[in-house]
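Right, one structure below, let's go through it.
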């Protein structure tokens, strides 16, 4: 959008027609906050907005496990691990490992 001289804040036409309803926008995550504010946010995402009371919104960390660090892996490049760990593994829950990636995958911590 910036390449076209536009920002998400002044792109109402795009926000109304794209966001979660457009495959390219879905894969790229364009204008996340603007889409969320318009009620067209991406599946599994909850943006922390200034209007939300702090107790309703948590900024997520994305800390890797020690194994991930020593094997040069990231939360984002470990989908198989995300599918089997996250909220199903007490150690992960206690340490909040990959909190953002788990949330994005619909496997966030309660």
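In the numbering used here, the protein residues as written are 16 to 125. Built from N, CA and C at the ideal position, the CB exists for glycine as well. Since this is a predicted model, take the numbers as computed values, not measurements.
Residue i, buried or exposed, once every other Cβ within 10 Å from all chains shown has been counted against 16
i	result
residue 40	buried
residue 100	buried
residue 80	buried
Residues near residue i in its chain [Cβ-Cβ closer than 8 angstroms; skip 5 each side]
i	result
residue 97	90, 113, 116, 117, 120, 122
residue 53	30, 31, 34
residue 36	55
Close Cβ partners of residue i (< 6 angstroms) along its chain, the five nearest in sequence each way excluded
i	result
residue 106	none
Three-state secondary structure assigned by DSSP to residue i
i	result
residue 85	helix
residue 47	helix
residue 33	coil
Cut-off 7 angstroms between Cβ atoms - residues of its own chain near residue i, not counting five sequence neighbours on either side
i	result
residue 108	102, 124
residue 77	90, 113, 114, 115, 116
Proximity test, residue i beta-carbon vs the ligand COA heavy atom, cut-off 7 angstroms
i	result
residue 86	For the structure depicted, the ligand COA is absent and the ligand set is empty, with no information on it obtainable.
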